[in-house]
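Colleague:
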Amino acid sequence: MSENIFKQVQDASRKLGMLSENKINQILLALAAKTTESIAAILEANQKDLDRMPANDPKYDRLKLTEQRIRNIAGDIENVSRLPSPLGIRLERKELENGLLLEKITVPLGVIGIIYEARPNVTFDVFALCLKSGNACILKGGRDAEHSNKQIVSLIKDTLTEQHENPDIVTLLPSDRSATEELLHAVGFVDVIIPRGSQQLIDYVRDNSKVP
Numbered sequence: 387m388s389e390n391i392f393k394q395v396q397d398a399s400r401k402l403g404m405l406s407e408n409k410i411n412q413i414l415l416a417l418a419a420k421t422t423e424s425i426a427a428i429l430e431a432n433q434k435d436l437d438r439m440p441a442n443d444p445k446y447d448r449l450k451l452t453e454q455r456i457r458n459i460a461g462d463i464e465n466v467s468r469l470p471s472p473l474g475i476r477l478e479r480k481e482l483e484n485g486l487l488l489e490k491i492t493v494p495l496g497v498i499g500i501i502y503e504a505r506p507n508v509t510f511d512v513f514a515l516c517l518k519s520g521n522a523c524i525l526k527g528g529r530d531a532e533h534s535n536k537q538i539v540s541l542i543k544d545t546l547t548e549q550h551e552n553p554d555i556v557t558l559l560p561s562d563r564s565a566t567e568e569l570l571h572a573v574g575f576v577d578v579i580i581p582r583g584s585q586q587l588i589d590y591v592r593d594n595s596k597v598p
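Going by this note's numbering, the sequence shown opens with residue 387, and the numbers climb by one from there.
#1: Roughly how many whole angstroms lie between the Cα atoms of Leu488 and Ile475?
#2: Touch check for the stretch 517-534 and the stretch 401-420: three-plus C-beta pairs under 8 Å?
#3: Roughly how many angstroms lie between the CA atoms of Ser595 and Gly485, to the nearest whole one?
#4: Confirm, please, whether the CB-CB distance from Lys445 to Asp544 is below 8 Å.
#5: Please say whether Leu587 and Ile501 have beta carbons closer to each other than 8 Å?
#6: Quick one: using the 10 Å Cβ neighbour count with 16 as the cut-off for buried, is Asn390 buried or exposed?
#7: Take Ala431 and list the residues in its own chain whose beta-carbon comes closer than 6 Å to its own, dropping the five residues that flank it on each side.
#8: Taking the alpha-carbon of Ala522 as reference, which of Leu495, Lys480 and Gly461 has the nearest alpha-carbon?
#9: Just confirm the distance between the C-beta atoms of Val497 and Gln394, as a whole number of angstroms; I'd bet it's less than 8 Å.
#10: Measure the C-alpha to C-alpha separation of Ser399 and Ala441 and round it to an integer number of angstroms.
Written out as structure tokens, the structure is:
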């Protein structure tokens, strides 16, 4: 099942790499607007996650979203749209003795897998940064933020559809451990794995991933 999902994201990533900078920024601004419009739905989903966690849990505040936090997230997405594109930058240029010209230019990686914990804001952050850099993303959030992440990815996909782009450039894996293991072994589909969270999570990914 996961292999089919990985293949869909990989296929979608190929067209993503051809999007213009203006189109990418247009999608980001549309997502920022939709995020603000969807505050009530996001808070409702987030409350379901909060209801499953004791209020004295150290992760509670990281998990909790508020109207102001969501508005700040929307502002952060707008800020990403204003960043210069990291694509098409010439890093090196060299002419060989035979006259052949070699250039090293920045291009998208392709598909990025991100594994993270109980921070639903990360779902927005990593998608915005992946899109800006022309990369598709496979997200594996923690179980604690399951409802929040599903709602957020749903509105991201809705935004992509409304912008006439393939919603498969982002997908959210189930929150169980087996999905993590499949992602870590998705050689040939995922180009790089990025863990974001505790040292324990980083060590686990480093020790078990077959993907760079």
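Cβ coordinates follow ideal geometry from the N, Cα and C atoms, glycine included. Being a predicted model, the structure only gives us computed values, none of them experimental.
Modeller: On the basis of the data shown:
#1: By 1-based counting over the sequence shown, the position of residue 488 is 102. By 1-based counting over the sequence shown, the position of residue 475 is 89. Straight-line Cα distance between these residues: approximately 14 Å.
#2: yes
#3: In the sequence shown, the residue the question calls residue 595 occupies position 209. In the sequence shown, the residue the question calls residue 485 occupies position 99. Whole-angstrom Cα-Cα distance: 42 Å.
#4: As a first step, residue 544 is located in the sequence shown; it is residue number 158 there, counting from the start. As a first step, residue 445 is located in the sequence shown; it is residue number 59 there, counting from the start. Not closer than 8 Å, so no.
#5: Position 115 of the sequence shown, counted from the start, is the residue given in the question as residue 501. Position 201 of the sequence shown, counted from the start, is the residue given in the question as residue 587. Yes, the Cβ-Cβ distance between Ile501 and Leu587 is below 8 Å.
#6: Position 4 of the sequence shown, counted from the first residue, corresponds to residue 390. By the 10 Å Cβ count, Asn390 comes out exposed.
#7: If you number the sequence shown from 1, residue 431 lands on position 45. Excluding residues within five positions, the ones whose Cβ falls inside 6 Å are His533, Ser534 and Gln537.
#8: Indexing the sequence shown from 1 puts residue 522 at position 136. When only C-alpha atoms are compared, the closest one is Leu495.
#9: Residue mapping note: residue 497 aligns to position 111 of the sequence shown, counting from 1. Residue mapping note: residue 394 aligns to position 8 of the sequence shown, counting from 1. Their Cβ separation, rounded to whole angstroms, is 10 Å, which puts Val497 and Gln394 out of contact at 8 Å.
#10: Counting from 1 along the sequence shown, the entry for residue 399 is found at position 13. Counting from 1 along the sequence shown, the entry for residue 441 is found at position 55. If you take the alpha carbons of Ser399 and Ala441, they lie about 40 Å apart.
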